Each structure stands twice: as C-alpha cells, then as structure tokens.
Amino acid sequence: MTGKILAERYEVQRQLGKQTGRQTLLARDLQTQELVVIKQLFLGGDFEWQDLKLFEREAETLKSLSYPSIPRYLDYLEIDEPDSKGFALVQTYVEGKTLEEHLRSGRTFSESEVKQLAKSLLEILIYLHEEQEQPVIHRDIKPSNILLHSRSAHTVGQVYLVDFGSVQNQAAKFGGTITVVGTYGYMAPEQFGGRSVPASDLYGLGATLIYLVTGLHPTELSQQDLKIQFADRVSHLNPSLIDWLGWMTEPSLEKRLSSAGEAWLSLKNPRPIHKSPMVVQQPPGSDIKLTKNSEFIEIVIPPQGIGFGLIALLSAAVPASIFLLPGVFSAYISTYNSEINHQFMLISGSFFLGAVGVIFLFAIFRKLRLRIDRQQISYSSHLLGLRWNNSKAAPRPDICQLEIEEIKSLMPDKRPELYKVSQMIIQTGHQKYRLGVKQGLSESEIEWLATELSQWLGLKIQRTLTDGKKNKWF
C-alpha cells in the first residue's frame, strides 16, 4: 500500500486505521506536497447503503465548515480499481496525539488543563451548533476523536475535533430514517432512541472529561439512575468543577445544560453549590427506611411496637375488663334497673377493650410514610393493606420552611442547658407536617431526617425553642 498513487495525485505514506469495509490513510498531495488524510469506504460484501449515506454526509458537512480546530475538506473521489471499488474523502492532516493516546501513555491532566480543554471544545461546539444555518451535531465526541497539537507543560496546546462520520445536521434529522450512532459510554441516553440534539454533544464532552479526571471510561464507573458516579474518585478537584461535570452528564435532557454557550458560561461562572454544614448518619439501630434520589425523597417509619406504656395500659385493661364484663351473665336475671346497669357495664367494658385493641393494632402494624417528589408532599398511614392520609397533600413548591421544634427541660433551674427534641415540622403555605417523638422518633433520628430533608429541599433548618409560653428563634 505504501507508495501507491490514488487518483494520480495522492501518494500513500502509511495506514492510520482500518475497520471492516473502511480504512484511513496518510498520504502526500503531490501537487501541494502537503500531508493529507484519506478516508476510504469500500463497496464489498459488508457494504450497507446507510454507510454510504453517512460517508457522503460527512463529506458534505466538512465541505460547509471552516474552523481552525476542524479538519478541512479537500477532495472527494470515486475509487474504481480492479481490486477495490468505493469512495474516498480527502481532508487536511492534523499532527498530534488523541486524548486516548495521551492517557494510555501515562500522561495526566491538571484541573487547569481540563478547563482549558473544556473551553476549547465548547468553542468548537458553539461554532457547530449555533453559527451554522443548520446546527451540526457531531454525535460521537470521545477521547479518540479529540487531537492535541503542540501540548506543553502548562497548556493543552491546540485542540482539534475530528471524525465527523457520525455527524447529523438539522436537515438530516427530518430526512426519514433514524440511525443510532455513537460510542457506548459517551452516548447520551436519548441517542439510544435515535434522537440527537446539541445537548447530546455536551454529554459526550462531559463523559470525555470524566475519563480524563478519573482515568476510567464511563463504562468502568458505576451508575445510579443512569447517572455516572465519579465524584468519589475526584475529591481533589474543585467542587464547582465536579458539579459542572455532573451537570453536563445529566441523563435527563431537561436537567442537562442545554447549549454549548450556556455550558461555557457556567464553567466560567459556576452556579452556587448548597453545602450542608454537617453530615449526619442514620443512628445505629434505627429501623427507619429512607429512600432518596433526584426525583423524590421518602421516609417510612415502622410500627412503634409494644413499649412500656402499652404494657402498663394492658395491665390496667385486664382487671378493668374482669370487673365490667361479667354484667353479661347477670343481665338476664336482674331487675330492670340492674339490667340497664349491667348493659352499660358491658358496653363500657367492650368499648374499653376495643380501644385498647386498636391501640395495640396500630402499635404493631401501622407504618407512616412521608413522601416528597417534584409535584407534591404527602403524609399517610398504612395498616394491613389500608392507606389513609394523615394530612392533605400539598404542592411541592409550597414548601417554605423546615423546622426543628425543641421543648425546654422540665427542670430548668437544675439543668438549664438540657433540651429535649420534640418534633420536626415541614411548613407549606397553610399546612404543617410533623414527625417527632409522638411518632416514635428519637432525637438523633429527627436530627438525621431533618438534615437529609434540608439537603434535598435546599432549605436551611430553622430551630425553635419552646417553653410553653412563647417561641424564640435562635
């Protein structure tokens, strides 16, 4: 292959890459003496018309682009030789190494270099997405498609985005057939459904930068609700950069940065990051179930069980029932007045035992569930398959305050520093949702749950000291 002349003009120097039905060559243009890259698509047994469609789209796209960081279109050829038939795209040659090659050779990137690289690539995407008559979506941004030229010890050098073989423009988007293209791990979730938008390229860029800062491909990192979990591996980075990378790779289009311009500005001017002043772990021995993700937070409080108070109540209920219930046996042999008295005793005893039974049933089987999602807050009880609302549901945006109310010590003169947590209150416009000692929560559990809710809601915990006469904010 070396030394072969294509189209009587391009002398092959060496092969740069090869795939089934394709190859990429480095050649010299004999007219200009410049090095060029030739991408070839062969008509063979593995040929598909969709491959030709993408190949021609790449050529047409490069022909319409003019940007220093994108290879320039030079020529388009038909190959008609005895041993090969197909098409060839000729473009300018960019000398340099890909990000993939840099990382495999052991090179690392500082936080400053990562930001330089991000800004350079975002400027390319601003050109592709926002400065064309029809937005051009690359659809395959990954480490092997990004070249660095003249990298020094303090700068990443000139950044190039190459390989537009998966490109999609707005006209092609509505052309009929939808093709799923991209590289697993760097493809935004919507691309698996054949949908690509400018924000899809932002996901690929974010995933690429995550590879740079962790040294691991996104497929090698764990996921939660399709979101790449990488923050625990890059604690040395500025929290604002970690937040930005997470924002770029949000699985949901609605939550992801929507444009390259917006991403560039948010990298330069990071959004505020809410930080909780303390981290509170679930107390040891607590049976409360807490479920929290980006869509909802749910607290399930198990049945309180039979405590000392219920045992004392049962101890009192048994003798009382022995005294009251015998009236049923004497009711038939007594005078009229006695019969009324016995019936009254019977009803009273039955009601008393029934009430005690209900209390025990609630203690053994009733669960409480507080749930807040993006739409509303609800608070309900669940008992043996039955469900009822403890409070009326309220719209999520109405939540305006999170409060821990504390009650003053019963012995203020002897222990004035001693306070007992009474309850946590979630305040909406006209409603309060309360969780506390009445629901069987300990002080440490209330503190833990309040901290979790504070972080999820983005609300500061207000604390109220109550002495039975007035409230004091502090």
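Whatever position you read off the sequence shown (first residue = 1), add 207 for this note's numbering.
For glycine and all other residues, C-beta sits at the position ideal for the given N, C-alpha and C.
All values reported here derive from a predicted model rather than from experimental measurement.
Quick check: the Cα distance between residue i and residue j, rounded to an integer number of angstroms?
| i | j | result |
| --- | --- | --- |
| Pro350 | Leu250 | 29 Å |
| Leu592 | Thr498 | It is Gly, not Leu, that sits at residue 592 in the sequence shown. Straight-line Cα distance between these residues: approximately 21 Å. |
| Ile353 | Phe262 | 19 Å |
| Gly252 | Gly293 | 12 Å |
| His177 | Pro604 | Outside the modelled stretch of the chain, which goes from 208 to 681, sits residue 177, for which no answer is possible. |
| Ser465 | Glu652 | 40 Å |
| Met394 | Ile611 | 45 Å |
| Ile614 | Ala325 | 53 Å |
| Trp451 | Gly372 | 28 Å |
| Pro342 | Gln247 | 26 Å |
| Tyr300 | Leu409 | 26 Å |
| Lys434 | Gly453 | 8 Å |
| Thr315 | Gln323 | 14 Å |
| Ser493 | Ile668 | 22 Å |
| Leu272 | Glu285 | 22 Å |
| Glu654 | Arg581 | 23 Å |
| Ser501 | Tyr391 | 24 Å |
| Ser291 | Pro446 | 54 Å |
| Gly210 | Gln220 | 6 Å |
| Lys260 | Pro477 | 41 Å |
| Ile449 | Ile417 | 9 Å |
| Glu308 | Ser442 | 25 Å |
| Leu335 | Glu469 | 14 Å |
| Val644 | Ile606 | 22 Å |
| Tyr640 | Lys599 | 9 Å |
| His361 | Lys225 | 34 Å |
| Asp282 | Asp432 | 45 Å |
How would you label residue i, buried or exposed, when you count the other beta carbons within 10 angstroms and need 16 or more for buried?
| i | result |
| --- | --- |
| Gln222 | exposed |
| Pro425 | buried |
| Gly383 | Because the pLDDT at Gly383 is just 45, under 50, the model does not fix this residue reliably, and the value given afterwards should be weighed accordingly. That one is exposed. |
| Asp287 | exposed |
| Leu577 | buried |
| Leu269 | buried |
| Phe399 | exposed |
| Glu338 | exposed |
| Gly389 | buried |
| Pro289 | exposed |
| Ser661 | buried |
| Thr227 | exposed |
| Arg463 | buried |
| Ser403 | buried |
| Thr658 | buried |
| Thr239 | exposed |
| Lys677 | Note that Lys677 scores a pLDDT of 42, beneath 50, so its modelled location is shaky and nothing firm can be said. |
Ordered along the chain, which non-local residues of its own chain (more than five positions away) have a Cβ less than 6 Å from that of residue i?
| i | result |
| --- | --- |
| Lys380 | Its pLDDT being 49, under 50, Lys380 is placed unreliably by the model, and nothing is read from it. |
| Glu318 | Leu444 |
| Arg573 | Pro510, Ser588 and Leu590 |
Would a C-beta distance cut-off of 8 Å place residue i and residue j closer than the cut-off?
| i | j | result |
| --- | --- | --- |
| Leu368 | Ala406 | no |
| Ser276 | Ile348 | no |
| Ala295 | Leu213 | yes |
| Gln148 | Tyr280 | No information on residue 148 is available, as it lies outside the stretch 208 to 681 that the chain covers here. |
| Lys496 | Val507 | yes |
| Leu329 | Leu419 | no |
| Ile480 | Ile579 | no |
| Gln638 | Ala601 | yes |
| Ile584 | Thr635 | yes |
| Gly303 | Leu355 | yes |
| Leu590 | Gln646 | no |
| Thr421 | Leu412 | no |
| Ile245 | Leu237 | no |
| Ala467 | Ile333 | yes |
| Arg235 | Glu218 | yes |
| Leu672 | Gln608 | no |
| Ser327 | Val366 | yes |
Closer than 7 Å by C-beta to residue i: which residues in its own chain qualify, once you throw out the five before and the five after it? Chain order, please.
| i | result |
| --- | --- |
| Glu320 | Val363 |
| Arg358 | Gly364 |
| Phe254 | Gly228 |
| Arg216 | Asp236, Leu237 and Gln238 |
Is residue i close to the ligand FAD? I mean its beta-carbon at under 7 Å from any heavy atom of the ligand.
| i | result |
| --- | --- |
| Ala295 | This structure does not include the ligand FAD; it has no bound ligands of any sort. |
Tell me which residues share the same chain as residue i and place their Cβ nearer than 8 Å to its Cβ, disregarding the 5 neighbours each side in the sequence.
| i | result |
| --- | --- |
| Leu656 | Ile495, Leu497, Ile506, Met631, Leu642 and Leu648 |
| Trp663 | Lys499, Ile504 and Ile579 |
| Ser473 | Trp451, Trp454 and Leu464 |
Cβ of residue i less than 8 Å from any chain C Cβ?
| i | result |
| --- | --- |
| Pro446 | No chain C appears in this structure, which consists of one protein chain only. |
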